[in-house]
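Colleague:
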Amino acid sequence: MGSSSLSPGVPLSPSLSRHPKFPNPNPNLFLLSHPSLTPISLRSNQLPSRSKKLLSPNAPTFFVAASAKAEPLKVIISGAPASGKGTQCELITQKYGLVHISAGDLLRAEIAAASENGKLAKEYMEKGQLVPNEIVVMMVKERLLQPDSQQRGWLLDGYPRSSSQAAALEDFGIRPDVFILLDVSEDILVERVVGRRLDPLTGKIYHLKYSPPENDEIASRLTQRFDDTEEKVKLRLRTHHENVDDVLSVYKDITVKVNGNVAKENVFEQIDAALTQVAEQRKVNSGSLAA
Ligand code: AP5
């Protein structure tokens, strides 16, 4: 891993409590800034190309906000299809112990169980469209409210994907501490989709080129998702572009944009720095509340 300007354990100075350029309408949120951090605009049409990277792994460009409550961490991770959400969730849960809640995985479990919801969901997933809210919203809410998620904190992956889904979370009083956006260029996304394989035994995500299986035994049992074709990822990308700005507008004050074009370890380094900063700020806040 390369060195990060925000390595874990770096204490935050008291001057990090509010970002001067971005007045925060929500008194429960604290915008964090750092000499190496610059607030950014979050338009989906500003995705960097492979040759023109806006961000480097050693210079993350983001700003974050943290809730003052000393509760378990609540994180949303977002990004285009195959941007690396699931891969990063594995690394984040290993370090932070959060409960990983993936909307896509919950839907695939319904499909595997051959439930009525699963049958309906598959029709939409095959077309690269969003599954109707009637199925998704309560499914995710119920998982978020289960005791393990409440006690250990949660890492929500692939939800919300529309303004109505974001509004539903807000209505339930469910708000993350930080919203991580993985930013990956489109040519890379297609390559990642086509080469992705899954181990049905362990649930581990592989890529034939970037993350190949460790041995022949694992290689022989890998499967491919039914929506992982070049044709279907283009439909999924279209759906993503239609909705992403609406979702980002709900979380813009707590968004951390991460360069997802680089190796998974370097992507995690950026996320880890951001989560460390949020966690540190929560400690500072809970300490000053207790004083
Ligand atoms: P979902 O399962 O969430 O799919 P997705 O958003 O399209 O994302 P993916 O799971 O495809 O990719 P990922 O970002 O997790 O990438 P991964 O880490 O695997 O949703 C599927 C469908 O369900 C949707 O199309 C929709 O129909 C429905 N749905 C889901 N949520 C919904 C909602 N809220 N509302 C309504 N409908 C919903 O990585 C991809 C590959 O790249 C892997 O092979 C990995 O090894 C490799 N890779 C990852 N990172 C790197 C890296 N840094 N460098 C090189 N390779 C990498």
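Numbering (UniProt numbering), first residue to last: 1 to 291. For each residue, glycine too, the CB sits at the ideal point set by N, CA and C. All of these numbers come straight from a predicted model, not from anything done at the bench.
Considering only the beta carbon of each residue, do residue 225 and residue 196 sit closer than 8 Å?
Modeller: Taking the first residue of the sequence shown as 1, we reach residue 225 at position 225. Taking the first residue of the sequence shown as 1, we reach residue 196 at position 196. In contact: residue 225 and residue 196 (Cβ atoms closer than 8 Å).
Colleague: Under 8 Å, do residue 89 and residue 182 count as touching if we go by C-beta distance?
Modeller: Mapped onto the sequence shown, residue 89 falls at position 89. Mapped onto the sequence shown, residue 182 falls at position 182. No; because the gap between Cβ atoms is not below 8 Å, this pair is not in contact.
Colleague: For the region 157 to 168 against the region 96 to 104, are there 3 or more C-beta pairs whose distance is under 8 Å?
Modeller: yes
Colleague: Among all the DSSP beta bridges, which residues are the ones paired with residue 198?
Modeller: On the sequence shown, position 198 is the one that residue 198 refers to. Paired residues: 205, 223.
Colleague: Would you identify the three-state DSSP class for residue 105, choosing helix, strand or coil?
Modeller: As a first step, residue 105 must be located in the sequence shown, where it is residue number 105. It is helical.
Colleague: Which one or two residues does DSSP pair with residue 259 in a beta bridge?
Modeller: The residue given as residue 259 occupies position 259 in the sequence shown. Bridge partners of residue 259: 183.
Colleague: Is the beta carbon of residue 236 less than 8 Å from the beta carbon of residue 227?
Modeller: Position 236 of the sequence shown holds residue 236. Position 227 of the sequence shown holds residue 227. It is a contact, given that the beta carbons lie within the stated cut-off.
Colleague: Excluding the 5 residues preceding and the 5 following residue 130 in the sequence, name in chain order all residues of the same chain whose CB lies nearer than 7 Å to its CB.
Modeller: Residue numbering aside, residue 130 sits at position 130 when the sequence shown is read from its first letter. Contacts found: 124, 161, 162, 239.
Colleague: Taking 7 Å as the cut-off, is the CB of residue 124 close to at least one heavy atom of the ligand AP5?
Modeller: Position 124 of the sequence shown, counted from the first residue, corresponds to residue 124. At least one heavy atom of the ligand AP5 is nearer than 7 Å to the Cβ of residue 124, so yes.
Colleague: On the CB-based measure, 16 or more other CB atoms within 10 Å of its CB, does residue 79 come out buried or exposed?
Modeller: Here residue 79 refers to the residue found at position 79 of the sequence shown. Buried, because 16 or more other Cβ atoms sit within 10 Å of the Cβ of residue 79.
Colleague: If you reduce the DSSP assignment to three classes, tell me which class residue 74 lands in.
Modeller: The sequence position of residue 74 within the sequence shown is 74, counting from 1. It is a strand residue.
Colleague: Is any heavy atom of the ligand AP5 found at a distance shorter than 7 Å from the C-beta of residue 202?
Modeller: As a first step, residue 202 must be located in the sequence shown, where it is residue number 202. Residue side-chain check: residue 202 keeps its Cβ at 7 Å or more from all non-hydrogen atoms of the ligand AP5.
Colleague: Am I right that residue 141 and residue 179 are in contact with their C-beta atoms under 8 Å? What's the rounded C-beta distance?
Modeller: As a first step, residue 141 is located in the sequence shown; it is residue number 141 there, counting from the start. As a first step, residue 179 is located in the sequence shown; it is residue number 179 there, counting from the start. With a Cβ gap of about 18 Å, residue 141 and residue 179 do not count as contacting.
Colleague: For the ligand AP5, any of its heavy atoms closer than 7 Å to the Cβ of residue 165?
Modeller: As a first step, residue 165 is located in the sequence shown; it is residue number 165 there, counting from the start. Under cutoff, so the answer is yes.
Colleague: With DSSP as the reference, label residue 79 as helix, strand or coil.
Modeller: Position 79 of the sequence shown holds residue 79. Strand at residue 79.
Colleague: May I ask you to report which of helix, strand or coil DSSP gives residue 130?
Modeller: Residue mapping note: residue 130 aligns to position 130 of the sequence shown, counting from 1. Coil.
Colleague: Alpha carbon to alpha carbon, what distance is there between residue 93 and residue 264?
Modeller: The count along the sequence shown starts at 1 and reaches residue 264 at position 264. The count along the sequence shown starts at 1 and reaches residue 93 at position 93. Rounded to whole angstroms, residue 264 to residue 93 spans 14 Å at the Cα level.
Colleague: Any heavy atom of the ligand AP5 closer than 7 Å to the Cβ of residue 107?
Modeller: Residue mapping note: residue 107 aligns to position 107 of the sequence shown, counting from 1. Yes, Cβ of residue 107 sits closer than 7 Å to a heavy atom of the ligand AP5.
Colleague: Would DSSP call residue 171 helix, strand or coil?
Modeller: If you number the sequence shown from 1, residue 171 lands on position 171. Looking at residue 171 - three-state DSSP - the assignment turns out to be helix.
Colleague: According to DSSP, is residue 40 helix, strand or coil?
Modeller: Along the sequence shown, read from residue 1 onward, the residue named residue 40 stands at position 40. Since pLDDT at residue 40 reaches only 31, below the 50 mark, its modelled position is unreliable, and no value is offered.
Colleague: Taking 7 Å as the cut-off, does the CB of residue 246 come closer than this to any heavy atom belonging to the ligand AP5?
Modeller: Residue mapping note: residue 246 aligns to position 246 of the sequence shown, counting from 1. Outside the cutoff, so no.
Colleague: Helix, strand or coil for residue 228? Go by DSSP, reduced to three states.
Modeller: As a position in the sequence shown, residue 228 is number 228, starting the count at 1. The answer is coil: DSSP assigns residue 228 none of H, G, I, E or B.
Colleague: Does DSSP put residue 163 in a helix, in a strand, or in coil?
Modeller: Your numbering for residue 163 matches position 163 in the sequence shown. If DSSP states are grouped into helix, strand and coil, residue 163 belongs with the helices.
Colleague: Note down the Cα distance separating residue 217 from residue 203, rounded to an integer number of angstroms.
Modeller: Numbered from 1 along the sequence shown, position 217 holds the residue referred to as residue 217. Numbered from 1 along the sequence shown, position 203 holds the residue referred to as residue 203. In a straight line, the C-alpha of residue 217 is about 15 Å away from that of residue 203.
Colleague: Just curious, the beta strand (DSSP E) that residue 157 is in, first and last residue?
Modeller: Here residue 157 refers to the residue found at position 157 of the sequence shown. Counting along the chain, the beta strand (DSSP E) containing residue 157 begins and ends at 154 to 157.
Colleague: Could you check where the alpha helix (DSSP H) with residue 96 kicks off and where it finishes?
Modeller: By one-based count along the sequence shown, residue 96 stands at place 96. Its alpha helix (DSSP H) spans residues 85 to 96.
Colleague: So, are the CB atoms of residue 271 and residue 177 less than 8 Å apart?
Modeller: Counting from one through the sequence shown, the residue named residue 271 turns up at place 271. Counting from one through the sequence shown, the residue named residue 177 turns up at place 177. Not in contact: residue 271 and residue 177 (Cβ atoms no closer than 8 Å).
Colleague: From 127, 107, 219, pick the residue whose C-alpha is nearest to that of residue 233; which is it?
Modeller: Taking the sequence shown and counting its residues from 1, the one referred to as residue 233 is at position 233. Here the closest residue by C-alpha is 127.
Colleague: Compute the beta-carbon to beta-carbon distance between residue 152 and residue 97, rounded to the nearest angstrom, for a pair I have assumed lies under 8 Å.
Modeller: As a position in the sequence shown, residue 152 is number 152, starting the count at 1. As a position in the sequence shown, residue 97 is number 97, starting the count at 1. That belief holds up - the Cβ atoms of residue 152 and residue 97 are roughly 6 Å apart, short of 8 Å.
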